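First up is the structure itself, then whatever we jot down about it.
Protein chains: 2
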Amino acid sequence: MTEPIDLQALVREINEALILAALRGEPKHGYQIAVDVERETDGMFTFQHGTLYPILHRLEKGRRISGKWEKADGRRRKVYSLTDRGREWLTIQSRRVRATFGTLDALLGGEG
Amino acid sequence: MTEPIDLQALVREINEALILAALRGEPKHGYQIAVDVERETDGMFTFQHGTLYPILHRLEKGRRISGKWEKADGRRRKVYSLTDRGREWLTIQSRRVRATFGTLDALLGGEG
DNA sequence: TCCTATATATAGAGTGTCGATATATAGACC
DNA sequence: GGTCTATATATCGACACTCTATATATAGGA
Chain A
2 MTEPIDLQAL VREINEALIL AALRGEPKHG YQIAVDVERE TDGMFTFQHG TLYPILHRLE
62 KGRRISGKWE KADGRRRKVY SLTDRGREWL TIQSRRVRAT FGTLDALLGG EG
Chain B
2 MTEPIDLQAL VREINEALIL AALRGEPKHG YQIAVDVERE TDGMFTFQHG TLYPILHRLE
62 KGRRISGKWE KADGRRRKVY SLTDRGREWL TIQSRRVRAT FGTLDALLGG EG
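Sequence lines, in order, name chains A and B.
Be aware that the first sequence starts at 2, since it is given in this note's numbering, and climbs by one per residue.
Be aware that the second sequence starts at 2, since it is given in this note's numbering, and climbs by one per residue.
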């Protein structure tokens, strides 16, 4: 008997995982993350601004990322790095997402 | 460039797909569907009553399932069957869900 | 009599994304 | 100069959805 999945949490965690995964390499600012995720998923996952920034604040609050203000070309940016805590969380969450899909796939399997 | 995913719709579609998939075999009433899905996913996917019945009504409204009232052991039940429309929808949706998770998995890949 | 299981229903709470709007700089174009 | 697009962040309110709690009703076991 596995833990029941909270679907609202699943959506939240998918978005968080996408952002954290984008930060595995170098630190990036929010706008860059959105552009990268959209490119890497071929447009399948996109971030509305009203979605992206609250999530970044939530992640920073939970110390899964840490941000520093920068100035580039006269524009201010907040550049985020993945913390150790965030990296651990990403590993656990990736496993969870995969398990969820495995189960879902088994049940829907044979279709399509 | 694929279509951007609406995550709220994804949750809705996962729940709907789980219900429709449970009806691929024989017709079932709501309570039975919930029990079966929970058993077949080893407790990973469960339906709260407040979630289940509104979804059944939504599916019936959209003619993806059709329900008939029955009496068994003095209890009234509404037994639902999968319609052709529902079967088609399930096929399409299963493909969509699988594609979504495939993309997600590719991005999170290497973790876990 | 009380509790649990079966069976459906709905109103309201909670939580999340989404859309719109605001601010600000910079470059391209006319 | 003025407009548009791109970059860059922020927040409020609308919307959609699940989740909790409550209601109703029958049946069986302790």
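Think of the CB as a built atom: it goes at the ideal place given N, C-alpha and C, for glycine as much as any other residue.
Since the model is a prediction, treat every value here as computed from it, not as a measurement.
By DSSP, does residue i sit in helix, in strand, or in coil?
i	result
residue 76/A	strand
residue 83/A	strand
residue 6/B	coil
residue 51/B	helix
residue 71/A	strand
Mind pulling the chain A residues with CB within less than 8 Å of residue i?
i	result
residue 82/B	Chain A residues near residue 82/B: none, gap ~17 Å exceeds 8 Å.
Closer than 8 Å, CB to CB, is residue i near chain A or not?
i	result
residue 99/B	yes
residue 87/B	no
residue 41/B	yes
residue 55/B	no
What residues of chain B sit near residue i, judged by a beta carbon separation below 7 Å?
i	result
residue 109/A	18, 22, 95 and 98
Kindly list, in the order they appear in chain B, the residues whose Cβ is closer than 8 Å to that of residue i.
i	result
residue 15/A	8 and 105
residue 51/A	Here the premise fails: no neighbours, minimum Cβ distance about 13 Å.
Going by Cα to Cα distance, which pick from the options is closest to residue i?
i	options	result
residue 15/B	93/B, 82/B, 71/B and 63/B	93/B
residue 91/B	52/B, 57/B and 21/B	21/B
residue 65/A	23/A, 5/A and 8/A	23/A
residue 53/B	89/B, 30/B, 86/B and 7/B	30/B
residue 7/B	36/B, 97/B and 27/B	97/B
residue 87/B	67/B, 74/B and 73/B	67/B
Between residue i and residue j, is the Cβ-Cβ spacing less than 8 Å?
i	j	result
residue 43/A	residue 101/B	no
residue 25/A	residue 108/A	no
residue 38/B	residue 19/B	yes
residue 62/B	residue 80/B	no
residue 60/B	residue 17/B	yes
residue 55/B	residue 47/A	no
residue 78/B	residue 89/B	no
residue 106/B	residue 99/A	yes
Is there at least one non-hydrogen atom of the ligand ADP closer than 7 Å to the beta-carbon of residue i?
i	result
residue 35/B	Judged by which ligands are present, the structure shown has none, so any question about the ligand ADP falls away.
Along chain B, in chain order, which residues have C-beta atoms closer than 9 Å to that of residue i?
i	result
residue 44/A	2, 3, 4 and 5
residue 12/A	8, 9, 11 and 12
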